[in-house]
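Residue numbers (the working numbering), protein chains in the order written: chain A, 6 to 205; chain B, 10 to 207.
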């Protein structure tokens, strides 16, 4: 006789969703945390904070949106709150996408040497952005479409499209003339490449 | 993506192919960390309550020790003010808790709610944190002036200076909070502006 498997209870479902999220989106969450926090130690804390927030929030996940949208919302909301806290503590200011093109490029005229160098410059660019514009930039780099980005950020799809247009302009301005994508698959940008986060 | 240009593809590859170290956190570890986080919040709340309880206990002792009716009245008002502040701290849940709704709201909605909550708390500081202790302090200062023999002008000068210093301190705290609330309002306006732009 075939044995009936018990239905997974809510806690098991939450745990399995969490494991699914970490397995599928772990690298993307790590990249996202790096884009919000340059300091390696603090970045590890941020990754941990995102995961705790994610696990806590999954208790209320009701499938009204996709798990991916949920994960990115949690990650962006947690990270943006982190940036806001840091902004207050360190009195840092950020610029919007519309102002980024006007800012002087400290690498003007210098070609990026290798992937690590290009990535370092990309991170420097992202770190100057206000949290909302940073989210759109990260969603663009992760390959999300305007509708998904709008769902995560709360901006209109048209607004997202405008911002993506500006992002492309800025990236073209800063990177296009510096040759194609470097061939080596070296480590990440300086200050971010050494070791992982020890969660234990 | 359909309309991906070589430049788009290059930037996305650069971003997505960067080396990551791998997120290592099991369900058991995240549960343990979440528990640790909640305990930290609980300990912080306990510290706030203990500090308030000590202040109330000191005021009660002074109330019991004082012979003067006006001094007793002052300490009674101070105790009532402190109890009110503790109740407000408890009701407002001043310490941060884990965001259970972080996945329900978009960034704009989530952040606006957070900023508005913080702005409101700052704007109301003078009402629930400063004002409740003003009557008690005022009566105690008055009692100090009246309790001195002869009620000389110098005593009242000291009382006036103390009252002024206290008033200036309260005024300064209120102004700092107002400035912080205004900054938060600017951030809210900016967020709304960013959400509207087309």
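All C-beta atoms, glycine included, are put in the ideal place defined by N, C-alpha and C.
| Contact set for residue 134 (chain A): own chain, Cβ-Cβ below 8 Å, skip 5 residues either direction | Along the first chain, one-based indexing puts residue 134 (chain A) at 129. Same-chain partners within the cutoff: 99, 100, 101, 102, 105 and 142.
| query | Helix or strand or just coil, what does DSSP make of residue 113 (chain B)? | reply | Working through the second chain from its first residue, we reach residue 113 (chain B) at position 104. If DSSP states are grouped into helix, strand and coil, residue 113 (chain B) belongs with coil.
| query | For the ligand MN, any of its heavy atoms closer than 6 Å to the Cβ of residue 25 (chain A)? | reply | As far as ligands go, the structure on display features none, and thus does not contain the ligand MN.
| Selected residue, minimal CA-CA separation from residue 36 (chain B), among A:58, A:35 and A:40 | What you label residue 36 (chain B) is simply residue 27 of the second chain in a count that begins at 1. If we check each option's Cα against that of residue 36 (chain B), A:58 comes out closest.
| query | Secondary structure at residue 85 (chain A), three-state DSSP: helix, strand or coil? | reply | Residue 85 (chain A) sits at position 80 when you count from the first residue of the first chain. Helix, per DSSP.
| Cutoff 7 Å; reference residue 7 (chain A); Cβ partners in own chain excluding five residues on either side | Locating residue 7 (chain A) in the first chain gives position 2, counting from the first residue. Residue confidence for residue 7 (chain A) is low, a pLDDT of 49 falling below 50, so the modelled location carries little weight; the figure read from the coordinates is stated next. If we look at residue 7 (chain A) and ignore the five residues flanking it on each side, it has no Cβ neighbours.
| said: Against chain A, does residue 21 (chain B) count as a neighbour if the rule is that its beta carbon must be under 7 Å from one of theirs? | reply: The residue labelled residue 21 (chain B) in the question sits at position 12 within the second chain. It does: the Cβ of residue 21 (chain B) has a partner Cβ on chain A nearer than 7 Å.
| request: Would you mind stating whether residue 176 (chain A) and residue 20 (chain B) have Cβ atoms separated by less than 7 Å? | output: As a first step, residue 176 (chain A) must be located in the first chain, where it is residue number 171. As a first step, residue 20 (chain B) must be located in the second chain, where it is residue number 11. Cβ atoms of residue 176 (chain A) and residue 20 (chain B): closer than 7 Å.
| When the Cα atoms are used, what is the spatial distance from residue 86 (chain A) to residue 180 (chain A)? | Position 81 of the first chain holds residue 86 (chain A). Position 175 of the first chain holds residue 180 (chain A). Going from the Cα of residue 86 (chain A) to the Cα of residue 180 (chain A) covers about 30 Å.
| task | Please name the residue, chosen from B:13, B:171, B:115 and B:70, that lies closest to residue 152 (chain B) on a Cα-to-Cα basis. | result | Residue mapping note: residue 152 (chain B) aligns to position 143 of the second chain, counting from 1. Per the Cα distances, B:171.
| How about residue 41 (chain A) and residue 84 (chain A): are their beta carbons less than 7 Å apart? | One-based indexing of the first chain puts residue 41 (chain A) at position 36. One-based indexing of the first chain puts residue 84 (chain A) at position 79. Closer than 7 Å, so yes.
| message | Looking at chain B, is there any beta carbon in it that lies within less than 7 Å of the beta carbon of residue 35 (chain A)? | response | Residue mapping note: residue 35 (chain A) aligns to position 30 of the first chain, counting from 1. Yes, contact with chain B.
| message | On the CB-based measure, 16 or more other CB atoms within 10 Å of its CB, does residue 152 (chain A) come out buried or exposed? | response | The residue given as residue 152 (chain A) occupies position 147 in the first chain. Exposed, since its Cβ has fewer than 16 Cβ neighbours within 10 Å.
| query | Is the CB of residue 36 (chain B) under 7 Å away from at least one CB in chain A? | reply | One-based indexing of the second chain puts residue 36 (chain B) at position 27. Yes, its Cβ sits closer than 7 Å to a Cβ of chain A.
| task | Work out the CA separation of residue 24 (chain B) and residue 160 (chain A) for me, nearest whole Å. | result | Within the first chain, numbered from 1, the residue matching residue 160 (chain A) stands at position 155. Within the second chain, numbered from 1, the residue matching residue 24 (chain B) stands at position 15. In a straight line, the C-alpha of residue 160 (chain A) is about 23 Å away from that of residue 24 (chain B).
| query | Given a threshold of 16 other Cβ atoms within 10 Å of its Cβ, counted over all protein chains shown, does residue 28 (chain A) qualify as buried or as exposed? | reply | One-based indexing of the first chain puts residue 28 (chain A) at position 23. Residue 28 (chain A) should be labelled exposed.
| Between residue 61 (chain A) and residue 148 (chain B), what straight-line distance do the alpha-carbon atoms span, to the nearest angstrom? | Here residue 61 (chain A) refers to the residue found at position 56 when the first chain is read from its first residue. Here residue 148 (chain B) refers to the residue found at position 139 when the second chain is read from its first residue. Near 49 Å, if we compare the C-alpha coordinates of residue 148 (chain B) and residue 61 (chain A).
| message | Any C-beta of chain B within less than 9 Å: which residues of the segment 126-140 of chain A qualify? | response | 127, 135, 136, 137, 138 and 140
| Whose Cβ in chain A lies nearer than 7 Å to the Cβ of residue 129 (chain B)? | Here residue 129 (chain B) refers to the residue found at position 120 of the second chain. Correct list: empty, because the minimum Cβ distance to chain A is about 16 Å.
| task | Report yes if the C-beta distance between residue 112 (chain B) and residue 79 (chain A) is below 7 Å; otherwise report no. | result | Translated into the one-based positions of the second chain, residue 112 (chain B) becomes position 103. Translated into the one-based positions of the first chain, residue 79 (chain A) becomes position 74. Contact: yes.
| What are the uninterrupted segments assigned as alpha helix (DSSP H) that are 4 or more residues long and contained completely in the segment 34-82 of chain A, given in chain order? | 45-62
| task | Measure how close the beta-carbons of residue 120 (chain B) and residue 193 (chain B) come, nearest whole angstrom, since I'm counting them as under 8 Å. | result | Here residue 120 (chain B) is taken as the residue at index 111 of the second chain, counted from 1. Here residue 193 (chain B) is taken as the residue at index 184 of the second chain, counted from 1. Going by Cβ atoms, the distance from residue 120 (chain B) to residue 193 (chain B) rounds to 11 Å, so no, they are not a contact pair.
| message | Check whether the segment 92-100 of chain B and the segment 57-66 of chain B touch, using three or more Cβ-Cβ pairs below 8 Å as the test. | response | yes
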